[in-house]
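Below: one structure, written as structure tokens.
Residue numbers (the numbering used here): 18 to 180.
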């Protein structure tokens with residue numbers, strides 16, 4: 018279970034996912050607009066990034082920031098002060114922009130992966146009286162039962178998009 022937590026919560030994993038999404042969107046916008054992104058193209062890129070985030074990551078729907086927030090963050094990430102973002106500035110911009118989003122996803126996964134096994138162990142005793150099921154559940158080792166319940170909860174929540 019520790020490996021799962023490392024995968025979803027490590028800084029490197031978040032940076033890698035952000036980089037993949039950023040590169041894909043930057044290349045798409047660059048083909049249409051040129052080597053750097055003006056504010057209008059940057060906002061389109063932000064909308065595309067949030068679309069990818071909402072499709073790829075488990076959790077609630079994330080609304081993109083307002084144009085004012087994007088303009089403010091663009092000024093922070095425009096290191097050469099030319100009013101446009103090049104590729105590396107864009108990657109930094111997206112990492113800054115999506116930090117809170119990844120934190121929300123990570124927190125949802127932590128809660129799920131901690132609460133589900135606890136609930137599983139608490140309910141295992143309650144299944145003793147259920148005909149047929151109770152005997153099977155009681156024969157399963159605690160670790161296997163907790164893992165099965167946790168995987169079921171994670172699968173159910175990710176299929177509904179609510180981790």
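Glycine included, C-beta positions come from ideal geometry on N, C-alpha and C.
As assigned by DSSP and simplified to three states, the class of residue i
i	result
residue 54	strand
residue 40	helix
residue 157	coil
residue 102	strand
residue 169	helix
residue 149	coil
residue 83	coil
residue 97	coil
Straight-line Cα distance separating residue j from residue i
i	j	result
residue 89	residue 48	25 Å
residue 140	residue 162	10 Å
residue 142	residue 135	12 Å
residue 145	residue 154	8 Å
residue 34	residue 116	12 Å
residue 55	residue 70	22 Å
residue 85	residue 61	14 Å
residue 36	residue 112	8 Å
residue 105	residue 72	24 Å
residue 57	residue 95	15 Å
Rounded distance between the beta-carbons of residue j and residue i, thought under 8 Å
i	j	result
residue 59	residue 102	6 Å
residue 63	residue 87	6 Å
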